[in-house]
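Visitor: Quick one: this structure, given as C-alpha cells, is what I'll be asking you about.
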Amino acid sequence: MSSPTRQQSVRGSTAAIAAAALADAILILVFAAIGRDAHQRTDVVIGVFLTAWPFLAGAALAWVAVRAWRRPLSLPTGVAIWLGAVAGGMVLRAVTGQTVVFAFVVVALLSLGLFLVGYRALLALVRRLRKS
C-alpha cells in the first residue's frame, strides 16, 4: 500500500476542520433546541436559531482567536471554543436585550461544556485506546 500523498493529507485535515466546525455548530443548535423545548416556546425552527446565534457567533470568534483549525479536535481547542461560545453568547445576548440570568449562564456552561468538550474527550479516548 502506498503512503498518503501531501494532497490526501491536506484533504484529511480539511475534513477534520470541517467536521469539527460542523459538530460544534450542530451541538450549539441542539443546546438551543433543548432549551427552547424545555420552556415550551413556539416558533421552533426560527426560535432555535434566535437562541443559538449568539453562541454560534461566540464559538466562531473563539475558532478565530485560538486558530482552532490547527488542532480542531484537541481538548484545549474544545475548552477555548466552549468558553468562547458561552462568554460571547452571553455578551451578545445582553447587548441585544435577550435574557441573561445566573441560572441560564450555569446551564449554558454545563451543557455546552459537555457538548463541545465532551465529543473531543471521547475522540481522544478512542485514539488513546487504539494506540494501546
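Counting from -1, one number per residue, gives the positions in the sequence shown under the numbering used here.
Where a beta carbon is used, it is the ideal one built from N, C-alpha and C, also for glycine.
1. Beta-carbon separation of Phe131 and Val84 under 9 Å?
2. When the distance is taken between beta carbons, is Gly82 closer than 9 Å to Ala50?
3. Suppose you measure from the CA of Ala66 to the CA of Ala19; what does that come to, to the nearest Å?
4. Quick check on the burial criterion: 16 or more other C-beta atoms within 10 angstroms. Buried or exposed for Pro70?
5. CA-CA distance, Arg128 and Arg118?
6. Just to confirm my understanding: we take Val64, look at its own chain, exclude 5 residues before and 5 after, and list those with CB closer than 7 Å. What are they?
7. Note down the Cα distance separating Ile32 from Val103, rounded to an integer number of angstroms.
8. Quick one: using the 10 Å Cβ neighbour count with 16 as the cut-off for buried, is Arg91 buried or exposed?
9. Using DSSP with H/G/I as helix, E/B as strand and the rest coil, what is Pro70?
10. On a Cα-Cα basis, can you pick out the residue from Leu73, Ala106, Gly45 and Ala57 that is closest to Leu120?
11. So, are the CB atoms of Ala30 and Phe47 less than 9 Å apart?
12. Looking only at its chain, what residues have a beta carbon closer than 6 Å to the beta carbon of Trp80, apart from the 5 residues adjacent to it on each side?
Guide: Taking the geometry as given:
1. As displayed, the chain neither begins before -1 nor continues past 130, which places residue 131 out of reach and without an answer.
2. no
3. 9 Å
4. buried
5. When rounded, the distance between both Cα atoms is 15 Å.
6. Thr75 and Ala78
7. Cα atoms of Ile32 and Val103: separation of roughly 15 Å, rounded to the nearest angstrom.
8. buried
9. coil
10. Leu73
11. Yes, the Cβ-Cβ distance between Ala30 and Phe47 is below 9 Å.
12. Leu110, Gly111, Leu114 and Val115
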